[in-house]
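Chemist:
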Amino acid sequence: MVIIDLDQVSKRYLLHQRRQLFSQHAWKQIRRDVKSFWALRDVSFQLEEGERLGIIGANGAGKTTLLRLIAGIARPTSGAIRVHGRVGAVLGLGTGIHQDLTGRENVHLVASLMGLTRPEVRNRFDAIVEFSGLSVFIDEAVRAYSSGMVSRLGLSVAIHSDPEILVLDEVFAVGDAAFTKKCTAKMEEFTRSGRTVIFVSHSLETVVSMCNRVIWLDQGMVRRDGPAGEITQEYGKLALETAAPSPPESSTADLAVPEQHQQS
Amino acid sequence: MNDPFYILRTLVEKDFKVRYRNMSLGIFWSLVNPLIMMSVLTFVFSSVFAATREHFWLFVLIGLLPYNFFALAWSTGTESVVGNAPLIKHVPFQRELVPVSVVLGNTLHYLLQLVLLLIAVIVVQGVNIQWLWLPLVLVLQLVFVCGLSLITAALDVYYRDVAYVVQAVNLVLFWLCPIFYGFEDVPGQYAWLYEINPVAAVVLIMRRIFLAGVSPGLTILKLAAVSVLTLWAGYRFFGRMEKDFSDYL
Chain U
85 MVIIDLDQVS KRYLLHQRRQ LFSQHAWKQI RRDVKSFWAL RDVSFQLEEG
135 ERLGIIGANG AGKTTLLRLI AGIARPTSGA IRVHGRVGAV LGLGTGIHQD
185 LTGRENVHLV ASLMGLTRPE VRNRFDAIVE FSGLSVFIDE AVRAYSSGMV
235 SRLGLSVAIH SDPEILVLDE VFAVGDAAFT KKCTAKMEEF TRSGRTVIFV
285 SHSLETVVSM CNRVIWLDQG MVRRDGPAGE ITQEYGKLAL ETAAPSPPES
335 STADLAVPEQ HQQS
Chain A
4 MNDPFYILRT LVEKDFKVRY RNMSLGIFWS LVNPLIMMSV LTFVFSSVFA
54 ATREHFWLFV LIGLLPYNFF ALAWSTGTES VVGNAPLIKH VPFQRELVPV
104 SVVLGNTLHY LLQLVLLLIA VIVVQGVNIQ WLWLPLVLVL QLVFVCGLSL
154 ITAALDVYYR DVAYVVQAVN LVLFWLCPIF YGFEDVPGQY AWLYEINPVA
204 AVVLIMRRIF LAGVSPGLTI LKLAAVSVLT LWAGYRFFGR MEKDFSDYL
């Protein structure tokens, strides 16, 4: 069954140098006469239940934007997205984790936002803490945590909030090898029960071990879509080739040229 | 779907914990501020301007508490969406809950202050049957502030000037609400200025209930109409704006 269906999805961000109430800009914005930048262009793909999709590409290729759209945090400028099922999103570090609260308080806060009820959180609290491996520090303020610990807490809550679709953005960048391994196992268990994982990472190694399908984004467009091994190999080869003259991470792909948007 | 009441609860708890974690008096600070204001206003208007009203301090307190609640709830509600940007950019949930939770947090302070007020009124005046209006008045005030905060919180995402406009309006409102004077002191040609002001209406109703012991009359109908309309408009407006919040935070 198709669980996510993207049909010619594009996302444009308006570029605001100065957003001020008492300026020309307010008027320009009403007339939609500001510079803009297409983060995604005509992205179409379908995802079946139980797939583990990896998304790769250089910085600024539109990976995070794509996850935001799927998670329902932002909406596309044009095109249609159909998502069947509840999405749990861990976008970068923290996922709304508050620095001044303790780990315990954050579990309640984040879990409620991710769709758990109070009794559900009570029941799963121990499992969440255990999976994160933070039982000793759970009553400490999160500001005392290392970035790896914050990431583990957020991820643990997201996994235990039972989403049908789990969306992860660079969550293992700061995690240690043991935790990443634990998560890989969990993801497999997750998808075996028919749930779907979408995963963004710059670590091709993690992508290959986690995913069975990969989409390669290049300047907001789908460049390749296929089996994980094949696509990551191709991507890795290109990165090596271009590494000599200019590394792909800082190539012109990052700085897409802003275009003047026509009045609509 | 998630549980909006549980979300409201965790959001309110979050604000309280963050605010009071490193304080010994905690929530009781919210009593200190209005009492200081009451004392200063009473001193200035009894001793300097020689007001002759009986129990002037109580008269002032009844005006001060609804105004204080309104001003604080509105300004913190306005800043709430921008202040919770990390939540809004990372987790999909009903964003309306953010300003509403902030207003509810302020309501808890307000209730504590009202308990103090009720004790004072009992000591000075005693209880009367008109007190039964109080819950309705509170709900209407809450509805009004929520509606207004939804509008300004959404605007604040796009233009951060809005939070300061709200503060300026609150400052003006302190003088244009009958806090340290009565509605009857206002010259007839300016009465309209107070009749269109919902905060003044709440003060007026509270004074009728507590001091005069008479029913709120037609004023409460007007307040109800304005409050419900504001909430409806705020909900609609916020719902339209929130779809693009994550692009602007």
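Just so you know, the sequences run in chain order U and A. For the first sequence, this note's numbering gives the first residue as 85, with consecutive numbering after it. For the second sequence, this note's numbering gives the first residue as 4, with consecutive numbering after it. For every residue, glycine included, the Cβ atom is placed at its ideal position computed from N, Cα and C.
Quick one: Cα of Ile22(A) to Cα of Lys266(U), how far?
Modeler: Stepping through the second sequence from its first residue, residue 22(A) is reached at position 19. Stepping through the first sequence from its first residue, residue 266(U) is reached at position 182. Residue 22(A) is actually Arg in this sequence, not Ile. If I take the Cα positions, the gap works out to 36 Å.
Chemist: DSSP beta-bridge partners for Glu355(U)?
Modeler: Residue 355(U) lies beyond the stretch modelled for chain U, which goes from 85 to 348, so this question has no answer here.
Chemist: What number of angstroms, rounded off, separates the C-alpha of Gln130(U) from the C-alpha of Ile87(U)?
Modeler: Indexing the first sequence from 1 puts residue 130(U) at position 46. Indexing the first sequence from 1 puts residue 87(U) at position 3. Looking at the two C-alpha atoms, the distance is approximately 8 Å.
Chemist: Would you verify that the beta carbon of Phe240(U) is, or is not, closer than 7 Å to some beta carbon of chain A?
Modeler: Reading the first sequence from its first residue, position 156 is the one you call residue 240(U). This sequence places Ser at residue 240(U); Phe is not what is there. For Ser240(U), the answer is no, since every Cβ of chain A falls outside 7 Å of its Cβ.
Chemist: Is His192(U) close to chain A, meaning its C-beta is less than 7 Å from at least one C-beta of that chain?
Modeler: If you number the first sequence from 1, residue 192(U) lands on position 108. So, interface residue.
Chemist: Around the Cβ of His168(U), are there at least 16 other Cβ atoms within 10 angstroms (buried) or fewer (exposed)?
Modeler: On the first sequence, residue 168(U) is found 84 positions in, with the first residue counted as 1. The residue in question, His168(U), is exposed, as its Cβ has fewer than 16 Cβ neighbours within 10 Å.
Chemist: Near Gln116(A), which residues of its chain fall below 7 Å by C-beta distance, leaving aside the five closest residues on each side in sequence?
Modeler: Residue 116(A) sits at position 113 when you count from the first residue of the second sequence. Ser33, Leu34, Pro37 and Leu68.
Chemist: Can you look up Thr280(U) in the DSSP assignment and give me helix, strand or coil?
Modeler: Counting from one through the first sequence, the residue named residue 280(U) turns up at place 196. Of the three classes helix, strand and coil, the one that applies to Thr280(U) here is strand, per DSSP.
Chemist: Could you work out which residues of chain U lie near Thr79(A), taking near to mean beta carbons separated by less than 7 Å?
Modeler: To locate residue 79(A), count along the second sequence from 1; it is residue 76. Per Cβ cutoff of 7 Å: no residues; Thr79(A) is ~16 Å from chain U at best.
Chemist: If you measure between the beta carbons of Ala242(U) and Val174(U), is that distance less than 7 Å?
Modeler: In the first sequence, counting from the first residue as 1, residue 242(U) sits at position 158. In the first sequence, counting from the first residue as 1, residue 174(U) sits at position 90. Contact: yes.
Chemist: Starting from the C-beta of Gly313(U), find all residues in its chain whose C-beta is less than 7 Å away, skip the five residues before and the five after it, and write them out in chain order.
Modeler: The residue labelled residue 313(U) in the question sits at position 229 within the first sequence. Excluding residues within five positions, the ones whose Cβ falls inside 7 Å are Val292.
Chemist: Of the residues that make up the segment 9-30 of chain A, which ones have a beta carbon closer than 8 Å to any beta carbon in chain U?
Modeler: Against chain U - using a Cβ distance shorter than 8 Å - the residues of the segment 9-30 of chain A are Tyr9, Ile10, Arg12, Thr13, Leu14, Glu16, Lys17, Lys20, Val21 and Arg24.
Chemist: Who are the neighbours of Val171(U) on chain A, taking C-beta pairs under 9 Å?
Modeler: For the purposes of this step, residue 171(U) is taken as the residue at position 87 of the first sequence. Within chain A, the residues near Val171(U) are Pro95.
Chemist: Check whether the Cβ atoms of Pro102(A) and Ala171(A) lie closer than 7 Å to each other.
Modeler: Residue numbering aside, residue 102(A) sits at position 99 when the second sequence is read from its first letter. Residue numbering aside, residue 171(A) sits at position 168 when the second sequence is read from its first letter. No, Cβ-Cβ distance for Pro102(A) and Ala171(A) is not below 7 Å.
Chemist: Please determine if the segment 200-220 of chain U and the segment 277-286 of chain U are in contact, where contact requires at least 3 C-beta pairs separated by less than 8 Å.
Modeler: The segment 200-220 of chain U, when compared against the segment 277-286 of chain U, does not touch it at the 8 Å Cβ threshold.
Chemist: Pull out every residue of the segment 127-160 of chain U whose Cβ sits closer than 9 Å to any Cβ of chain A, in chain order.
Modeler: Under the 9 Å Cβ criterion, the segment 127-160 of chain U contributes Arg152, Ala155, Gly156, Ile157, Ala158 and Arg159.
Chemist: Determine whether the Cβ of Lys225(A) lies closer than 7 Å to any Cβ atom of chain U.
Modeler: Along the second sequence, read from residue 1 onward, the residue named residue 225(A) stands at position 222. Judged by the 7 Å Cβ criterion, Lys225(A) is not in contact with chain U.
Chemist: How would you label Gln2(A), buried or exposed, when you count the other beta carbons within 10 angstroms and need 16 or more for buried?
Modeler: Missing from the structure shown is residue 2(A); chain A here goes from 4 to 252 and no further.
Chemist: Applying a beta-carbon distance threshold of less than 7 Å, which residues of chain A neighbour Leu175(U)?
Modeler: Here residue 175(U) corresponds to residue number 91 of the first sequence, with the count starting at 1. Going along chain A in sequence order, the residues near Leu175(U) (Cβ under 7 Å) are His93.
Chemist: Between the alpha carbons of Ala261(U) and Phe147(A), how many angstroms are there, rounded?
Modeler: For the purposes of this step, residue 261(U) is taken as the residue at position 177 of the first sequence. For the purposes of this step, residue 147(A) is taken as the residue at position 144 of the second sequence. If I take the Cα positions, the gap works out to 53 Å.
Chemist: Taking 6 Å as the limit between beta carbons, can you name the residues of its chain near Ile44(A), skipping five residues before and five after?
Modeler: Sequence index remark: in the second sequence, residue 44(A) carries index 41 (1-based). The question names Ile, but residue 44(A) in the sequence shown is Leu. Closer than 6 Å at Cβ, skipping near neighbours: Val63 and Phe183.
Chemist: Using only CA atoms, which one of Glu325(U), Val255(U), Arg159(U) and Lys147(U) lies nearest to Arg243(A)?
Modeler: Reading the second sequence from its first residue, position 240 is the one you call residue 243(A). Arg243(A) has its Cα closest to that of Arg159(U), out of Glu325(U), Val255(U), Arg159(U) and Lys147(U).
Chemist: Helix, strand or coil for Asp184(U)? Go by DSSP, reduced to three states.
Modeler: Numbered from its first residue, the first sequence carries residue 184(U) at position 100. Correct three-state label for Asp184(U): coil.
Chemist: Within a Cβ cutoff of 6 Å, which residues of the same chain sit near Ser83(A), ignoring the five residues on either side of it in sequence?
Modeler: In the second sequence, counting from the first residue as 1, residue 83(A) sits at position 80. So the qualifying residues of the chain are Val101, Pro102, Val105 and Ala156.
Chemist: Using a Cβ-Cβ distance under 7 Å, would Asp286(A) count as near chain U?
Modeler: Since the first residue shown for chain A is 4 and the last is 252, residue 286(A) is missing from the structure and cannot be characterised.
Chemist: Compute the Euclidean distance between the alpha carbons of Arg297(U) and Ile140(U), then round it to the nearest angstrom.
Modeler: Locating residue 297(U) in the first sequence gives position 213, counting from the first residue. Locating residue 140(U) in the first sequence gives position 56, counting from the first residue. Rounded to the nearest angstrom, the two C-alpha atoms are 11 Å apart.
Chemist: To the nearest angstrom, report how far apart Ser162(U) and His192(U) are at their CA atoms.
Modeler: Here residue 162(U) refers to the residue found at position 78 of the first sequence. Here residue 192(U) refers to the residue found at position 108 of the first sequence. Roughly 36 Å between the two C-alpha positions.
Chemist: Note the first and the last residue of the continuous beta strand (DSSP E) segment covering Trp195(A).
Modeler: The sequence position of residue 195(A) within the second sequence is 192, counting from 1. From DSSP, Trp195(A) is part of no beta strand (DSSP E) but of the alpha helix (DSSP H) over Ala194 to Glu198.
Chemist: Would Val206(A) pass as a contact of Gly66(A) if the rule is Cβ separation under 7 Å?
Modeler: Counting from 1 along the second sequence, the entry for residue 206(A) is found at position 203. Counting from 1 along the second sequence, the entry for residue 66(A) is found at position 63. Taking 7 Å as the Cβ cut-off, Val206(A) and Gly66(A) qualify as a contacting pair.
Chemist: So Ile10(A) and Ser196(U) are supposed to be a Cβ contact under 8 Å. How far apart are they, rounded?
Modeler: Along the second sequence, one-based indexing puts residue 10(A) at 7. Along the first sequence, one-based indexing puts residue 196(U) at 112. That belief holds up - the Cβ atoms of Ile10(A) and Ser196(U) are roughly 5 Å apart, short of 8 Å.
Chemist: With a Cβ-Cβ cutoff of 7 Å, do Ile165(U) and Val251(U) count as a contact?
Modeler: Taking the first residue of the first sequence as 1, we reach residue 165(U) at position 81. Taking the first residue of the first sequence as 1, we reach residue 251(U) at position 167. No.
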